């Protein structure tokens, strides 16, 4: 008699989450939205509280060979902030929990928290608690973020409608290529410990990987211009993944254009030097922590001159699927890959 087995690698992250949480129901009327969006939504009466958690594991999310602990701390806060921002919210508090092995010194832990402190100071966020325990294998860092949003301004992944414009902030693919450069230099160092890494030409890419920033100014713009995106998500797992999330929960199709993707010149040049496609890096690279959102066409005049907002396509009927129109005018179906 055989026992069936399903390998986690055959499921993928999002299918795993869907499978293990499918039987959980919301019991309290104050729990407005649970698992399935960037953050949970809790009703407090006058506004919604937003809650999300982000976990980073050494050797998976970061490599201390080339990632300073202060950058790990800073990036952990920013990455968690991105989930609150993607709900059109403002982050106010965080809690930090760490599991750490005895190979780390007090000075190392202080460096980690120095990065967390800098992020909190920069974004005016309060560190209000957490937990500390031991680990037998390196560093694990978990951050819970608490924010809020005016009820009428809450943005979810669902809500996109046909003919809406599809927009992204910043530039895409640089964080992924920054990681490729860092891994390349690490391999050279392992062969020759006396080598000096050649990182100066890749400053933009390295910074995008090690020290991303949160798009708080975009949320401020939405408030000033009275813009309410019909759907929004942060790009942490790649543009393609974000598009497919909106496609699934909004029940719409999406068409984007290759020549509209915001790709930095250094990203183009480095991708070519590494024999990679800059378009694929933008679609599937991840860790850009930019915003992907949809807005009605009537809102275009409010955002079209903003240097960090780019219209890359439009929303279609769900029957048309999620498509990329290439520079050679081919229509290609977009699938999530991630890394």
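Residue numbers (UniProt numbering): 1 to 339.
Just so you know, even glycine gets a beta-carbon here, dropped at the ideal spot from N, CA and C.
Computed from a predicted structure; not experimentally measured.
DSSP-derived helix/strand/coil call for residue i
i	result
residue 104	coil
residue 339	With a pLDDT of 39 at residue 339, under the threshold of 50, the predicted position of this residue should be treated as unreliable, though the coordinate-derived value follows. Three-state result, residue 339: coil.
residue 80	helix
residue 131	strand
residue 259	helix
residue 71	helix
residue 189	helix
residue 99	strand
residue 330	coil
residue 120	helix
residue 288	coil
residue 150	strand
residue 33	strand
residue 171	coil
residue 227	coil
residue 201	helix
residue 8	helix
residue 45	coil
residue 15	helix
residue 27	coil
residue 215	coil
residue 1	Per-residue confidence for residue 1 stands at a pLDDT of 47, beneath the threshold of 50, marking its modelled position as unreliable; no derived number is given.
residue 184	helix
residue 281	helix
Neighbourhood of residue i by C-beta distance below 8 Å, restricted to the same chain and skipping five residues each side
i	result
residue 134	99, 100, 101 and 102
residue 104	139
residue 319	253
residue 304	311
Distance CB(residue i)-CB(residue j) smaller than 8 Å
i	j	result
residue 209	residue 287	yes
residue 282	residue 239	yes
residue 112	residue 150	no
residue 315	residue 160	yes
residue 153	residue 88	yes
residue 84	residue 52	yes
residue 334	residue 261	no
residue 148	residue 95	no
residue 309	residue 227	no
residue 278	residue 173	yes
residue 206	residue 199	yes
residue 119	residue 163	no
residue 233	residue 169	no
residue 21	residue 35	yes
residue 258	residue 183	no
residue 215	residue 165	no
residue 38	residue 86	yes
residue 212	residue 268	no
residue 193	residue 293	no
Contacting residues, own chain, Cβ-Cβ under 6 Å from residue i (five flanking each side not counted)
i	result
residue 185	197
residue 336	240, 241 and 244
residue 246	157, 160 and 231
residue 132	98
residue 114	70
Bridge partner(s) assigned by DSSP for residue i
i	result
residue 62	58
residue 232	293
residue 325	257 and 331
residue 145	52 and 94
residue 40	51
residue 313	166 and 256
residue 140	57 and 99
residue 126	93
Close-in-space but distant-in-sequence residues of the same chain around residue i (CB under 7 Å, 5 per side omitted)
i	result
residue 15	none
residue 276	none
residue 8	16
residue 1	Low confidence applies to residue 1: its pLDDT is 47, below 50, so where it sits in the model is not reliable, and the reading given next is rough at best. Nothing listed; no residue qualifies.
residue 67	210
residue 274	180
residue 236	79, 82, 286, 287 and 289
Contact between the stretch 49 to 59 and the stretch 75 to 88 (3+ Cβ pairs under 8 Å)
yes
Closer than 8 Å is the cut-off here; do at least three beta carbon pairs connect the stretch 248 to 256 with the stretch 294 to 313?
yes
Across the stretch 30 to 50 and the stretch 113 to 131, are there enough close Cβ pairs to call them in contact, namely three or more that are closer than 8 Å?
no
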